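Reviewing the structure listed below.
Chains as they are written, first to last, in our numbering: chain V, 13 to 593; chain W, 95 to 476; chain X, 421 to 701.
Laid out in structure tokens, this is it:
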């Protein structure tokens, strides 16, 4: 926080010095690019953190600018004007939220399509703005309205813009340090994991898009004041495109990147466009090179250099605090599959599974490749659509619920290939797991939430198996595969699920590590006394852990019983030995 | 064709000394030209025409005894960026007056920026209704282009029914509002009116409507590439046999794009064509060719308008004895100047000027009728 | 429906299909969202300009078109595109930069002015009770033949099978000895050249200038969105809907509504049926 206060003060000083050092007219010019920079910061946060690329951000910018022009033209009272500005920003933020929320609902891979939707919307806005001459002035735009409080565009207004820029920068910087910012980053890193942790990711995307829309709207209002004219180009595709280019070149991952991009390229463009014929060529080349070689842009490059000189700036001292208890309504974690069928195109993956699990204990699922083991878990967590039959838990149907709702039913799942947040640190991974299901709305905006720990988790992390995770600031991408398995296990059990689904937790582990992992599973079961469903190939692990074994074959239950029963069963032996039925 | 690379390179090297040379004493005039964007095609001819005007003014003793120097800026960009470019010339370079050849949105942004503190001559064809202190307009207004041209063509080609087609924005709509009145006054009728988005590149459905309407005349207020595409398709359908075409922004480049094959019975009405037969126009074309070579960008009414703009500015400033807006405002009304277009006179911030109707059949414009001293019908009161 | 509207729709669908097929191949097979596709159309449209400037025979238009567009595409593929296979997002941004670059380069060579291309078959002919330009009728027939041949070739040829294999499973395709890098390259160049030829065919019927590409890009993009990818059927559904709807609404209402409707339709498809895009044959 202190760091943010210092940098914000520095930014404010620099911006306030501009008119003194370079004159009010340079400040006026810089003002325009600061306004664009504010929009670009919203884009940067959205794109850099959640991975959504908006190709039509000028929609919100332009609509706000038009609304502002109309308000200034028709309403004289300053308080009323300001109140209406707030309404405009709120409405546009809501519009952005609704758009992303609706489009992303029920799917997790439509990023490029969402971008194209925003692009098409920008084209619609520009066309309507050009055609609806009565409200927008058509091609020539709205002009001839006063600025707010009759501020001088060449003088006082710059200070307003500078202050808003500092506020927007500080807001994003603060957000980056809060759990909410971490959640946004986690969504772009591993959306499926977030859903399994119970986060409705479309809601997160909606909120972030709404926030970026609010930034664009605030900037649009400043723009209308600064320019004294609003034309269809303010809401069109070309401006949207330029904003993306500025954000990319400046650096989308850092709060100052978009500002550097907008002010730097924008200002240079206005300086050089008229005198240097090949300016556009250079901008295009730089843009291509950035996309090709330096996705982090200028800011990313600077941060890399900075980090090379100064390592590990974060203090390693952590004041951890107790996490609140997780609440669950599950009384009897008994899973019942009834004639459950899953189809993918013409292929039947689950072909009428009938299975009743005990309330507690470790149920091992075995079966040859393609038997439908992982699909069975997918049917529980809503990752696959159940076409017929049902899955119920605690006497409630849970099949075909959105994935994030499975979590609320007390189900947690560890995936076959470790599914953790690769771009985040170990600390951040653990923090997200503890936040999941425990944090209420306001907790996402308290930095202390990140330091929540449970006693059990602390014990687990101090155990022999977790030694590789001692360096909490290590990025997960630098961990070995086996260590990721342990990390994911720690994260999955941190939410204290009543039903724990483990998909081959020992895959890729050394014999030593396998021993540690089986111990961890057994310990967890003893403490938690819930239901564990474990998929495993290694029969020695099954023997060590299973209270009950279920054999799946061709999408149906072939046999069910104790370990010894299964060993001695003729049909199971046939399946495993000959591959024929 | 490959000479273009050479000319671009030369242009690039020419621009650099122009900046370096800004230390030469003299009065700076800002000339705002579209180098980029959809109107970028007209950037070079606009620059050249303004340069020629400045040379001639300097040869005749400059403005108020001082040599003038032109400083160019690219305004072929959205209004916000265009205003920035103009501001840079005004406050950064210290220009004393502006001549602008750009769209109306940029003009409104600039009048808002200048607030009448600096003289500003706006030169291209436009829809009318621009009245601000310090703003003077030399471009053709719709009434100048059409009030006499429509009745003339209706009689010449026996046209009774008209179809109006334009891009979907202010200039075509305002132009057509007046055109309807002129057509009605001349006893004709309107059989269709249509506005297209800038993004439309296929004109089939419009051509179908024109064909079905049986129109004998089509008034075209499409701009740039859209106009080229429309006219090519129009002739492709053989509609040139059914109807004449009259455009109010079909200049030499557009005609070249349409091509000789597709220009049958295509008329254009404007204040300038490179083929005007007057001595002034011929002399202008000759010195243009002498200075910029035979491969120079084609002369046209938009590019040439910058010559008128610079010339009017010189006439106003010389008459007022300074570039002070309030002084110029006092003497502006009735100021006359000579240009390749003929004699023009400032009336109500606009100019009464000669209007030419030219036929493009065969791929080059031939002036078929000249109207002198046509009033703009704009009466700015303030 | 009047016969002229029918012919107009046929024409629209034909040229849109010609323009879109390349974009579809490149997106469907390589997952490249090529924003510079319109510029390839534009470069193709300059082929007749080159022949007439250099005083060459009109029959050289096609080889020149294939050569210029093919070379451009090869350079694009080798320097930029191949780094982006399977990354639609980044490819969209990179090709966007490329499109600006290509416009600027063409402008340096030919200037910004409109180029006039004479129709090789001027005049109209009587068809279905209306006069229709001969050139357009020939083009419609030519496009139909082209697509028929393409379909046969793709179904029967070895290359067709290899492409299908590569799309299905690139690693496996590589393992069984298909040179996927070269095949991708060929795929991209083929898509580009088809766009170039579309541009060349369009040249006598429209304006030719450096900025012309954008018009075609937008419409073909939305055709893909609506129709879905990976099959010629989907392509024709898309171009049929987009071309047909815009022509029809343009004929009965006005072009602005037609344009807005096409945009709205595209948004609805992107929102509600985005899987059409990923549908493979």
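The C-beta atom is built at its ideal place from N, Cα and C for all residues, glycine as well.
Owing to the predicted nature of the structure, the values given are computational and were not obtained by experimental measurement.
The beta carbon of residue 458 of chain V lies closer than 8 Å to those of 190 and 191 in the same chain, with the five residues before and after it left out. Within the same chain, and ignoring the five residues on either side of residue 431 of chain X in sequence, the residues whose Cβ sits closer than 7 Å to its Cβ are 556 and 560.
Separation of the CB atoms of residue 401 of chain V and residue 351 of chain V is rounded to 4 Å, and the pair is thereby assigned contact status at 8 Å. Closest option to residue 308 of chain W, judged by alpha-carbon separation, among W:283, W:367, W:147 and W:236: W:283.
Taking a 10 Å sphere around the C-beta of residue 88 of chain V, we find fewer than 16 other C-beta atoms and assign the residue as exposed.
Per DSSP, residue 372 of chain W is not a residue of any beta strand (DSSP E), being assigned neither H nor E. Residue-level contact by beta carbon holds for residue 282 of chain V and chain W, with a gap shorter than 8 Å. Cβ-Cβ separation between residue 153 of chain V and residue 202 of chain W: approximately 6 Å, consistent with a contact (criterion under 8 Å). By the Cβ test, the region 570 to 577 of chain X is not in contact with the region 636 to 647 of chain X, since fewer than three Cβ pairs between them sit closer than 8 Å. When V:431, V:396 and V:35 are compared, the shortest CA-CA separation from residue 496 of chain V is found for V:431. A direct Cα-Cα distance of roughly 9 Å separates residue 453 of chain W from residue 340 of chain W. Chain V has no Cβ within less than 8 Å of the Cβ of residue 630 of chain X. Per the Cβ contact rule, the region 357 to 366 of chain V is not in contact with the region 531 to 543 of chain V (fewer than 3 Cβ pairs under 8 Å).
Its Cα nearest to that of residue 347 of chain V, the residue V:511 stands out among V:16, V:511, V:148 and V:86. Going by DSSP, residue 121 of chain W is part of the beta strand (DSSP E) stretching over 121 to 127.
When CB distances to chain V are screened at a threshold of 7 Å, the residues of the region 666 to 679 of chain X falling below it are 676 and 679, in chain order. Shown in chain order are the members of the region 284 to 300 of chain V whose Cβ falls below 8 Å from a Cβ of chain X: 290, 292, 293, 295, 296, 297, 299 and 300. The beta carbon of residue 513 of chain V sits closer than 6 Å to those of 389, 425 and 545, all from its chain and outside the five residues before and after it, given in chain order. Within the same chain, Cβ atoms closer than 7 Å to the Cβ of residue 208 of chain W are found at 214 and 228, the five residues on either side in sequence being excluded.
Here residue 213 of chain W carries a coil assignment [DSSP, helix/strand/coil]. Residue 544 of chain V has V:374 and V:512 as its beta-bridge partners, per DSSP. Within 8 Å of the CB of residue 638 of chain X, the CB atoms of chain W belong to 293, in sequence order along the chain. For residue 418 of chain V, the uninterrupted alpha helix (DSSP H) run begins and ends at 415 to 420, by DSSP.
Contact of residue 514 of chain X with chain V by beta-carbon distance below 9 Å involves 299, 300, 303 and 304. Taking every protein chain shown into account, the CB of residue 291 of chain W has 16 or more other CB atoms within 10 angstroms, so this residue is buried. With contact defined as three or more Cβ pairs closer than 8 Å, the region 251 to 269 of chain V and the region 45 to 64 of chain V are in contact. Counting only the Cα atoms, residue 247 of chain W lies some 42 Å from residue 78 of chain V. Here residue 143 of chain W is not near residue 240 of chain W, since their CB atoms are 8 Å or more apart. Contact of residue 690 of chain X with chain V by beta-carbon distance below 7 Å involves 125, 128 and 129.
In the displayed model, residue 486 of chain V falls within coil according to three-state DSSP, outside both helix and strand. DSSP lists V:365 as the bridge partner or partners of residue 352 of chain V.
The straight-line gap separating the alpha-carbon atoms of residue 466 of chain V and residue 475 of chain V is approximately 14 Å. Annotated three-state conformation of residue 632 of chain X is coil, per DSSP. Annotation: residue 565 of chain V is outside any alpha helix (DSSP H); the continuous beta strand (DSSP E) that includes it extends over 560 to 565. Distances from the CA of residue 30 of chain V to each of V:338, V:173, V:117 and V:501 were compared; the closest alpha carbon is that of V:173. When secondary structure is reduced to three states using DSSP, residue 453 of chain W falls in the strand class.
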